[in-house]
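The listed protein sequences derive, respectively, from chains U and R.
Going by my numbering, the first residue of the first sequence is number 3, and it counts up by one from there.
Going by my numbering, the first residue of the second sequence is number 4, and it counts up by one from there.
A virtual CB, placed ideally from N, CA and C, is assigned to each residue, including glycine.
Treat the numbers as computed from the prediction; the structure is a model and nothing was measured.
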Amino acid sequence: MPGRIVRWIDRDPTFAKAVVEFAGVSRDVHMACVPDATVGQYVIVHAGIAICVLDESEAHKTLAAFKMLEEVDDEIPQ
Amino acid sequence: MKYLSEFRNVSAAKILVQQIRDRATRRWVLMDVCGGQTHSLVRYGIEQELEEHVDLIHGPGCPVCVTSTELIDFAVSLSLQPDTIVASFGDMIRVPGSRDSLMQARSRGGNVKIVYSPVDAVLIAAKNPQSQIVFFAVGFETTAPATAIAILQAAKLGLQNFSVLPAHVRVLPAMQTIMEMPGNRVEAFLAAGHVCSVTGFAQYEPFVSNYKVPVVVTGFEPVDLLGGILRCVEMLEQGICAVDNRYGRSVCRAGNESAQAIINRVYMVDDRDWRGFGTISGGGYRLRSEFANFDAAKRFERCVQTVAVESLCRGGDVMSGRIKPKQCPAFGVGCTPESPMGAPMVSSEGACAAYYRFDPLQLEKPR
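Quick look at the structure:
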């Protein structure tokens, strides 16, 4: 589940840590693998470590493709 | 939930299912190599829905499941040593060794702690200077950065009582092994999304050229998986062998270079024994010599002997896609999550556990 970065706690390269919110629940997450992530971005967390920043423009592109699928389907007579 | 529920869109899923059915002119064999994907495929009924058009088989998608019996026996013996605590993930402590699991060792007085993250084991070490803390480090490339960070933290804190028992495994060499197995049926792979978040997908390009097998990176939600399956079917129907990324929100071609740098700073690629597979060349990691003092295998004497155990469990055949879980003679009969015979039934990411939980009713004939 992607979590949203609420605030950074520590920027040390080894002990980097931030508060990340998952569906209303906040927890401390280690951030050494995503040192350039900014507050408000979404991260994927595995074993307590953020492993990547979610690319929101790519997510929206995929969702737009789904929307188009549905629209095309609506146009086809059943 | 943001960026989750949108990818469970029922109408998009129905359209994708229909497109797969329309485009498949024969039943193609696709393998996933991620336990999270296996669970979603079974949980959402995707496998059943597409049964006539796509044969979805499950590879070694669970790192806990492929951890060797010898390493589990070693971890068990360490947990029984005085002033030694073995820490690992919850799934790992239930996987049977040749005699006991870590959980059974705990009931015999072994000191075993479940942690959510390897860095939690570093905290335990800092708070318990009189004890040796051994983190049993299992996981694919997704988990390797977390263990590497734990080691870097322990080094920076100057902890003398922290070490790891390295059991990290690498997915791509296992896929190569599967392609070279006699009787291999795999025609396309669904690549593990979060492994690729770390490694990127460029590493699959030579693999695709060598083995002439399409690879599609997918996520874990139903629409992600269906999009990945559709792309596999399209490529197979058109005779195209390429790598395609259908999980662009989390995966890019180069992957997470910060995570790769952390792994490479601490680990080197090495051969590794995989349960059910044997030794896989380049199938895991070992600690670099600079961090050798954090290697539990070097710090502690291995004074335990693994004994061969006769079992009906065909976990190795399940993990290499040769049979499906319900074709194992032990499935649901002697082997259940409460009383597992093999690792794929123990771990929450194991293929047998997925079938038992979500699709247990109709047993198939053993092969």
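Give the C-beta separation of residue i and residue j to the nearest angstrom, bearing in mind that I take them to be a contact with Cβ-Cβ under 8 Å.
i	j	result
arginine 68 of chain U	valine 226 of chain R	Rather than arginine, the amino acid found at residue 68 of chain U in this sequence is phenylalanine. Rounded, the Cβ-Cβ distance is 6 Å, consistent with contact.
phenylalanine 372 of chain R	phenylalanine 92 of chain R	Within the shown structure, residues of chain R are numbered from 4 to 370, placing residue 372 of chain R beyond reach of any answer.
tyrosine 207 of chain R	valine 246 of chain R	5 Å
alanine 90 of chain R	isoleucine 127 of chain R	6 Å
arginine 26 of chain R	glutamate 237 of chain R	6 Å
leucine 83 of chain R	isoleucine 232 of chain R	In fact, because the Cβ distance is near 46 Å, the residues do not count as touching under 8 Å.
proline 63 of chain R	phenylalanine 361 of chain R	In fact, because the Cβ distance is near 20 Å, the residues do not count as touching under 8 Å.
tyrosine 44 of chain U	glutamate 58 of chain U	7 Å
glutamine 330 of chain R	alanine 195 of chain R	Wrong, their Cβ atoms sit about 23 Å apart, outside the cutoff.
valine 167 of chain R	alanine 299 of chain R	6 Å
alanine 149 of chain R	valine 172 of chain R	That belief does not hold up - the Cβ atoms of alanine 149 of chain R and valine 172 of chain R are roughly 14 Å apart, past 8 Å.
leucine 239 of chain R	aspartate 35 of chain R	Rounded, the Cβ-Cβ distance is 15 Å, inconsistent with contact.
isoleucine 154 of chain R	phenylalanine 294 of chain R	6 Å
aspartate 94 of chain R	valine 57 of chain R	Actually they are not in contact, since the Cβ atoms of aspartate 94 of chain R and valine 57 of chain R sit about 28 Å apart, beyond 8 Å.
isoleucine 243 of chain R	proline 209 of chain R	17 Å between Cβ atoms; not a contact.
alanine 147 of chain R	isoleucine 266 of chain R	5 Å
glycine 50 of chain U	phenylalanine 24 of chain U	Actually they do not touch by this definition, with Cβ atoms about 12 Å apart.
phenylalanine 138 of chain R	alanine 124 of chain R	4 Å
Taking only three categories from DSSP, how would you classify residue i?
i	result
isoleucine 53 of chain U	strand
proline 169 of chain R	strand
arginine 302 of chain R	helix
glutamine 308 of chain R	coil
isoleucine 7 of chain U	strand
glutamine 51 of chain R	helix
asparagine 12 of chain R	coil
histidine 371 of chain R	Lying before the first or after the last residue shown, residue 371 of chain R is absent from chain R, which here runs from 4 to 370.
isoleucine 326 of chain R	coil
arginine 111 of chain R	coil
asparagine 131 of chain R	coil
valine 349 of chain R	helix
threonine 72 of chain R	helix
threonine 87 of chain R	strand
aspartate 103 of chain R	coil
cysteine 371 of chain R	Chain R is shown only over 4 to 370; residue 371 of chain R falls outside these bounds and no answer can be derived.
alanine 140 of chain R	strand
valine 20 of chain R	helix
If you draw a straight line from the C-alpha of residue i to the C-alpha of residue j, how long is it?
i	j	result
leucine 42 of chain U	threonine 339 of chain R	Reading off the sequence, residue 42 of chain U comes out as glycine, not leucine. Straight-line Cα distance between these residues: approximately 43 Å.
valine 272 of chain R	glutamate 183 of chain R	21 Å
glutamine 80 of chain U	glutamine 21 of chain R	Unreliable positioning characterises glutamine 80 of chain U in this predicted model, as indicated by a pLDDT of 49, which lies under 50. The coordinate reading is nonetheless provided below. Spanning the two alpha carbons is a distance of roughly 13 Å.
leucine 19 of chain R	glycine 112 of chain R	53 Å
alanine 140 of chain R	arginine 188 of chain R	32 Å
proline 15 of chain U	proline 37 of chain U	7 Å
serine 200 of chain R	glutamate 190 of chain R	23 Å
aspartate 274 of chain R	glycine 203 of chain R	21 Å
cysteine 316 of chain R	serine 71 of chain R	15 Å
valine 349 of chain R	alanine 333 of chain R	13 Å
glutamate 72 of chain U	valine 13 of chain R	10 Å
leucine 162 of chain R	isoleucine 88 of chain R	15 Å
leucine 65 of chain U	histidine 197 of chain R	19 Å
arginine 249 of chain R	serine 134 of chain R	46 Å
valine 336 of chain R	histidine 42 of chain R	21 Å
alanine 354 of chain R	glutamate 50 of chain R	13 Å
alanine 357 of chain R	cysteine 37 of chain R	12 Å
leucine 81 of chain R	alanine 34 of chain U	30 Å
lysine 17 of chain R	phenylalanine 223 of chain R	17 Å
isoleucine 96 of chain R	arginine 29 of chain R	43 Å
alanine 257 of chain R	isoleucine 152 of chain R	21 Å
valine 21 of chain U	alanine 129 of chain R	22 Å
leucine 44 of chain R	alanine 346 of chain R	20 Å
valine 211 of chain R	aspartate 276 of chain R	24 Å
serine 101 of chain R	proline 132 of chain R	31 Å
List the endpoints of the continuous beta strand (DSSP E) containing residue i.
i	result
methionine 34 of chain R	31-35
alanine 194 of chain R	191-195
methionine 271 of chain R	270-277
isoleucine 96 of chain R	Careful: isoleucine 96 of chain R lies outside any beta strand (DSSP E) and carries neither H nor E.
valine 22 of chain U	19-24
serine 284 of chain R	281-290
leucine 59 of chain R	57-61
threonine 3 of chain R	Nothing can be reported for residue 3 of chain R, as the shown portion of chain R is limited to 4 through 370.
valine 254 of chain R	That residue, valine 254 of chain R, is in no beta strand (DSSP E); it is neither H nor E in DSSP.
tyrosine 44 of chain U	44-48
Shorter than 9 Å from the beta carbon of residue i to some beta carbon of chain B?
i	result
glycine 42 of chain U	The displayed structure is made up of protein chains U and R, and chain B is not among them.
Note the first and the last residue of the continuous alpha helix (DSSP H) segment covering residue i.
i	result
glutamate 237 of chain R	225-241
asparagine 248 of chain R	Element bounds for asparagine 248 of chain R: not the alpha helix (DSSP H) but the beta strand (DSSP E), 246-248.
serine 212 of chain R	207-214
glutamine 29 of chain U	Inspection of the sequence shows that residue 29 of chain U is occupied by arginine rather than by glutamine. That residue, arginine 29 of chain U, is in no alpha helix (DSSP H); its beta strand (DSSP E) goes 27-32.
serine 360 of chain R	The sequence as given places arginine at residue 360 of chain R; serine does not occur at that position. Looking at the DSSP string, the run of the alpha helix (DSSP H) that includes arginine 360 of chain R is 354-361.
Any heavy atom of the ligand ADP inside 8 Å of the beta-carbon of residue i?
i	result
leucine 193 of chain R	The ligand content of the structure shown is nil, which means the ligand ADP is not present either.
Residues of the region 116-148 of chain R whose Cβ lies closer than 9 Å to any Cβ of chain U, in chain order = Val118, Tyr119, Ser120, Pro121, Val122, Asp123, Gly142, Thr145, Thr146 and Pro148
Near-chain U residues of the region 25-44 of chain R (beta-carbon distance less than 7 Å), N- to C-terminal order = none
For the region 209-228 of chain R, which residues have a beta carbon sitting closer than 7 Å to at least one beta carbon of chain U?
-> Val226
If you measure beta-carbon to beta-carbon, which residues of the region 48-65 of chain U are closer than 8 Å to chain R?
-> His48, Ala49, Gly50, Ile51, Ile53, Cys54, Leu56, Asp57, Glu58, Glu60, Ala61, Lys63, Thr64 and Leu65
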